[in-house]
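**Q** Before I ask anything, let me first share the structure, which is written out below as structure tokens.
Rendered as structure tokens:
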């Protein structure tokens, strides 16, 4: 009897290691991203303890940067919260897409897994699941990717908080923020509707840059989301 079609079930440890190995190349970018978020929190007026708790509570680099920039500009708390929520709306889609992989987990376990969800952990895990990698334990693999990113990002935050404004200016580390967002943007644009939405966001941000509290960015993002939603079926199906 042939056993060629019988999959080899990996152990939890092996699946975790596989996830950690797959995410390893991205950890080098997560560290400086965390440093920038830590420095940004201090520049927004937070104490070291507040900045650390903020990073641990939110754990979302994009919204952390947006929130600290809004706080630094003196924006009202309601505007800061709305901006952060708008940036994080994509996680509703991420969680809905990946939830079937964790259907057997309890509610507390799912809550813990959702806390660790990031763009990179989602993309890497879904790619591995779709590739039907033999015998992967879904949760263990996801934890390998997600925990690796969490530790690298929080270590970066801790370094940023510790160093504060003592980072040498010639490093130009603040310039890596737009570079990171550009990298995320180029990998995310896979459809024409996404490209149009990105163009709307860019144009809207430029036209509305004079609004107080960086509201132009917030409004432009909402317009881009609406445009992308309306055009998704019409443009991509054409």
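Numbering (this note's numbering), first residue to last: 1132 to 1369. Yeah, the Cβ is synthetic: ideal placement off N, Cα and C, and Gly gets one too.
Where does residue 1168 fall in DSSP's three states?
**A** Helix, per DSSP.
**Q** So, helix, strand or coil for residue 1249, using DSSP?
**A** Residue 1249 falls in the coil class under three-state DSSP.
**Q** Quick check: the segment 1207 to 1221 against the segment 1264 to 1278, are there 3 or more CB pairs under 8 Å?
**A** No contact exists between the segment 1207 to 1221 and the segment 1264 to 1278.
**Q** When you compare the CB positions of residue 1243 and residue 1199, do they come within less than 7 Å of one another, or not?
**A** No, Cβ-Cβ distance for residue 1243 and residue 1199 is not below 7 Å.
**Q** Between which two residues does the alpha helix (DSSP H) holding residue 1119 run?
**A** One cannot answer for residue 1119 here, as it falls past the ends of the chain, which runs 1132 to 1369.
**Q** Does the beta-carbon of residue 1142 have 16 or more other beta-carbons within 10 angstroms, so that it is buried, or is it exposed?
**A** By the 10 Å Cβ count, residue 1142 comes out exposed.
**Q** Assuming residue 1366 and residue 1323 form a contact by the criterion Cβ under 8 Å, report the distance between their Cβ atoms to the nearest whole angstrom.
**A** The pair is a contact, with the Cβ atoms about 5 Å apart (cut-off 8 Å).
**Q** Below 8 Å, can you find three or more Cβ-Cβ pairs linking the segment 1245 to 1257 to the segment 1140 to 1159?
**A** Yes, the segment 1245 to 1257 is in contact with the segment 1140 to 1159.
**Q** With a threshold of 7 Å on Cβ separation, who are the neighbours of residue 1191 within its own chain once the five nearest residues in sequence on each side are excluded?
**A** Excluding sequence neighbours, residue 1191 sits near 1219.
**Q** Return the first residue and the last residue of the alpha helix (DSSP H) that residue 1224 is part of.
**A** Element bounds for residue 1224: 1221 to 1229.
**Q** Return helix, strand or coil for residue 1338, following the three-state DSSP convention.
**A** It is helical.
**Q** In chain order, what residues of the same chain have a beta carbon less than 7 Å from the beta carbon of residue 1225, not counting five sequence neighbours either side?
**A** These residues qualify, in order along the chain: 1248 and 1253.
**Q** Buried or exposed: residue 1194, going by 16 or more other Cβ atoms within 10 Å of its Cβ?
**A** Buried, since its Cβ has 16 or more Cβ neighbours within 10 Å.
**Q** On a CA-only basis, which of 1196, 1267 and 1275 is nearest residue 1157? Give me that one, please.
**A** Of the listed residues, the one whose Cα sits closest to residue 1157 is 1275.
**Q** How big is the Cα-Cα spacing for residue 1261 and residue 1205?
**A** Spanning the two alpha carbons is a distance of roughly 45 Å.
**Q** Give every residue of the same chain whose Cβ lies closer than 6 Å to the Cβ of residue 1277, excluding the five residues on either side of it in the sequence, and list them in chain order.
**A** Around residue 1277: 1247 and 1252.
**Q** Quick check on the burial criterion: 16 or more other C-beta atoms within 10 angstroms. Buried or exposed for residue 1187?
**A** Residue 1187 should be labelled exposed.
**Q** Of all the options 1250, 1325 and 1321, which has the alpha carbon lying nearest to the alpha carbon of residue 1222?
**A** Of the listed residues, the one whose Cα sits closest to residue 1222 is 1250.
**Q** What are the boundary residues of the alpha helix (DSSP H) that includes residue 1141?
**A** It is not in any alpha helix (DSSP H) - residue 1141 carries neither H nor E in the DSSP assignment.
**Q** Which term fits residue 1176, buried or exposed, when burial requires 16 or more other beta carbons within 10 angstroms of its beta carbon?
**A** Counting Cβ neighbours within 10 Å, residue 1176 comes out exposed, since fewer than 16 surround it.
**Q** Give me the Cα-Cα distance between residue 1335 and residue 1328, rounded to the nearest whole angstrom.
**A** Approximately 10 Å between the Cα atoms of the pair.
**Q** Determine the extent of the alpha helix (DSSP H) in which residue 1178 is found, giving its start and end residues.
**A** First-last for residue 1178: undefined, no H or E at that position.
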